[in-house]
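To start, the structure under review is shown below, and the notes come after it.
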Amino acid sequence: MRDPWYRTARRWGQTNLTEIDPEHYDRSFWIEHWRRTAIDGVIVNAGGIVAYYPSDVPLHYRAERLGSRDLFGEIVADARDAGLSVLARMDCNRALPEFYDAQPDWFVTNADGRPVVTQGRYVACVNSPYYHEHIPLILSEIISRYRPDGFTDNSWTGAGAKTVCHCPHCRDRFREATGLDLPLRVDWDARDYRAWVTWSYSCRMDNWRRFNDACRNAGGDDCLWLGMVNANPFGSHVNFADLREIGRVSQIMMCDHQSRDALNGFEQNAVNGLLLHGVSGDETTIPESMAHYVRGVQAFRRASMPPEEVRTWMRCAVAGGISPWWHHVGASQEDQRQFETSVDLFGWHAQHERWLYGRRSLAEIGVAWSHQNVDFYGRDDRETRCALPWRGITAAMTRARIPFTPVHASDIPTAPEQLRAIVLPDVAVLSDEQCDRVTAFVNAGGSIVLTGRTGTLDIDGMPRREWPFAQLTGARPTGNAFDIDEPPTSSWEVQTGHTYLRIDRTAADASHAGSFAGALADRFAGTALLPFGGSVFGYSIAPEAEVAATLVPPSPIYPPEFSWMRTPRSSIPAIVTRTLPGGGRVVLLAADIDRQYGRLRLPDHGDLLASAIEWAGGPPPVTITGPGYLSCHAYWIDNAIVVHIVNLTGANEWPGYLEQLPPVGPVTLSLRPDIAGRLGGGQGAELSARSLVTGRSLVTESTPDGSNFGIDRLVEHDVVLITELDTTISHGIIAATSHRS
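Residues 35 to 775 (the numbering used here) make up the sequence shown, in order.
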């Protein structure tokens, strides 16, 4: 039996049609572009906000210049002739005034009874017949005429957390589900608003199931409806999309994260893939829409993105297990440069896809996240409270080349099997079950790094009476904090953030070998004082715990004559550690160093975070040494290891666009002895490595400390395939394979 399309279609292309395209669409150009880019599937505008076929569904608006043409049907026919899978693109969240006038109760209404309008279009309510009847009718019509493999929807989540719809459908459904009236305003402290947020997630998942039922009923079991998702759970645009639940129910995840942003950089795209695979499984295909038009501070839909911006974003995506998906807005372009940007990368991907799917991460460090923390702790400041700590931890691990994988808080393992340590970056909101999982993990010998207020709030964001990690850490929250509410400032007249951390060298000297205080003293051998600038959450410390660093309170910056520390030492604990009898190690970062690194990118903060994670988790399975800023991710696949190394040296300039990458090298890749032994059938086995980018064999050296592989020069990226010397697996220089039906 042939595998379904969602298991075989790896590379995708999307021509996002505009209303004038029925007059300009060039069939021969796009058929040839499909061939040149070796895609397996196309995404074609069908209906919803604009129909590109002669729909008979009432009030279904047709493209302005569609005329009598069936553009969608023509493109589907061409794609089938080319052997491609087809997804019909939908965008179902808004409609024109004529639709609103006919069905006003189908649209979002505020507490005053006024409709919500954006750019002249009315926002549809996710709980109304617009979603429950109108959209399923369109899905059924398209399937009956064109038989697409499925649908993907760009704006399926509707209005966001700051817009409470008061239409009769929302009013009745919310009261039935919760027994409450709809909240009149955004108030995170109010029970009705928190209940509305939780209920809103379930409404979106109800529609997910409703649309898939409509597709399967009309098109068979493999005809799927797929809402596009963004893998950044901290972004405001993630409106009630439960990534964990979507990953559990969907056979494929369509990711809409088209380019880098100022905070997260190119390396985020590898994290995107790891996070989505974490909720959906290693075997799931995750295509991601990648803009070939200009994005950034100002978008230019009809101009070509500088090529290296697209290519580097794409390389990071592939390193995280994401499938490439080119995206152009408009079927006819004056700026033809965009069509050359990724042709060779798509070809490379087709040639080597054997080693890019069905892999298991080698990472032994998990980084925890959850939507509940983002919602009920992050509230209206989710970037500061949640995104910055997450970014600080993941950026520090990327910089230190420590492999990691995101883990939803409900999926934290209860024993250190694949993962040896879990980092919880200010995950203040945790359920009782999630707390129990963390405790079980540590009691079984695992290690944890807790930062900030982790675990101090219950699942609704309310303060806990007792902190669940007091016994593990030897610390208890006091309720006090040295808190800096205002963002950093360059003004020398403001001294609030002019604080430091003092490494306790006395503790380092007195402690037994292997203490974290000793590790810090070694890492920062030239100083006991590190810049800080953030908040410290108050904890009282039990005798069994070790205070590795303390806070140095603020002192003047200016004038320089007065810039001296009035209190050079304090007893305020900033970093607390403990080694438990079962072998697990605990690091409590009471000082929000993760948030500060996410905000400032100060190298000392990155080094400190890396030290904490290395002390807790031990040496990584793969070590990459050499110059440059490199994003590194490693995987098991069959009897081989695949290591992605993406060169990001000088890449994350903002504002601005990446134009070229400076080559770096030499770079050495080293496998830990036990990893090399597992690959080679025992320690001492001979291994070989080959670049899937250059095709060359790597110089290999076996030592008691592991196996080393050398890369003389790294330009854009490398993908290294490591196998046993006499393996029967091809070294990856294989002919391109086609998964087209």
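Glycine residues also receive a C-beta, built at the ideal position from the N, C-alpha and C atoms.
As the structure is a computational prediction, the values presented were derived from the model and not from experiment.
DSSP, read as helix, strand or coil, puts residue 424 in helix. Bounds of the alpha helix (DSSP H) holding residue 631 are 627 to 634. If you check the CB distance, residue 551 and residue 538 come in under 7 angstroms. With respect to residue 621, residue 483 sits close: the two C-beta atoms are nearer than 7 angstroms. Cβ atoms of residue 383 and residue 619 stay farther apart than 8 angstroms, at about 40 angstroms.
Counting along the chain, the unbroken alpha helix (DSSP H) around residue 39 starts and ends at 39 to 42.
Residue 575 and residue 479 have their C-alpha atoms some 22 angstroms from each other. In the three-state reduction of the DSSP assignment, residue 532 falls in the coil class.
Selection 726, 49 and 280 evaluated against residue 385 yields 726 as nearest (Cα-Cα).
Beta-bridge annotation (DSSP): residue 82 is paired with 125. In the structure shown, the three-state DSSP call for residue 688 is coil. Exclusion of the five residues before and after residue 317 leaves 392 as the residues of its chain whose Cβ lies within less than 7 angstroms of its Cβ.
Distance from the Cα of residue 475 is smallest, within the candidate group 651, 333 and 431, for 651. Taking 7 angstroms as the cut-off, the Cβ atoms of residue 53 and residue 97 count as close.
Annotated as proximal: residue 440 and residue 312, with beta-carbon spacing under 7 angstroms. Just measuring C-alpha positions, the residue of 498, 590 and 562 sitting nearest residue 530 is 590.
A Cβ-Cβ separation of about 5 angstroms places residue 121 in contact with residue 184 under the 8 angstroms criterion. Following the DSSP letters along the chain, one finds residue 170 inside the alpha helix (DSSP H) bounded by residues 169 to 180. When DSSP states are grouped into helix, strand and coil, residue 338 belongs to the strand group.
One Cα belongs to residue 142, the other to residue 128, and the distance between them is close to 10 angstroms. Using a Cβ-Cβ distance cut-off of 8 angstroms, the stretch 188 to 201 and the stretch 256 to 270 are in contact, since at least three pairs of beta carbons, one from each stretch, lie closer than that value. By the neighbour-count definition (other C-beta atoms within 10 Å, threshold 16), residue 568 is a buried residue. The beta carbons of residue 76 and residue 118 sit closer together than 7 angstroms. Beyond the five residues adjoining it in sequence on each side, residue 149 comes within less than 8 angstroms, by CB distance, of 134, 138, 141, 142, 143, 156 and 157 in the same chain, given in chain order.
When the alpha-carbon of residue 534 is set against those of 607, 592, 557 and 734, the nearest one is in 607.
The distance from the Cβ of residue 399 to that of residue 289 is about 23 angstroms, inconsistent with a contact at the 8 angstroms cut-off. Here DSSP, grouped into helix, strand and coil, assigns residue 53 to coil. Exclusion of the five residues before and after residue 489 leaves 458, 461, 462, 464, 469, 472, 498, 501, 502 and 503 as the residues of its chain whose Cβ lies within less than 8 angstroms of its Cβ. A distance below 6 angstroms between beta-carbons, with the five flanking residues on each side excluded, links residue 285 to the following residues of its chain, in chain order: 40. Burial state of residue 451 is exposed, judged by a 10 Å Cβ sphere holding fewer than 16 other Cβ atoms. Note that the stretch 427 to 437 touches the stretch 634 to 653; at least 3 beta-carbon pairs, one per stretch, sit closer than 8 angstroms. Counting only runs of 3+ residues, the beta strand (DSSP E) found wholly inside the stretch 495 to 527 occupies 509 to 516, in chain order. DSSP places residue 476 in the helix class (H, G or I) of the three-state scheme. Residue pairing for residue 667: DSSP places it in a beta bridge opposite 678. Annotated as distal: residue 304 and residue 549, with beta-carbon spacing of 7 angstroms or more.
In this structure, the CA atom of residue 721 is about 40 angstroms from the CA atom of residue 283.
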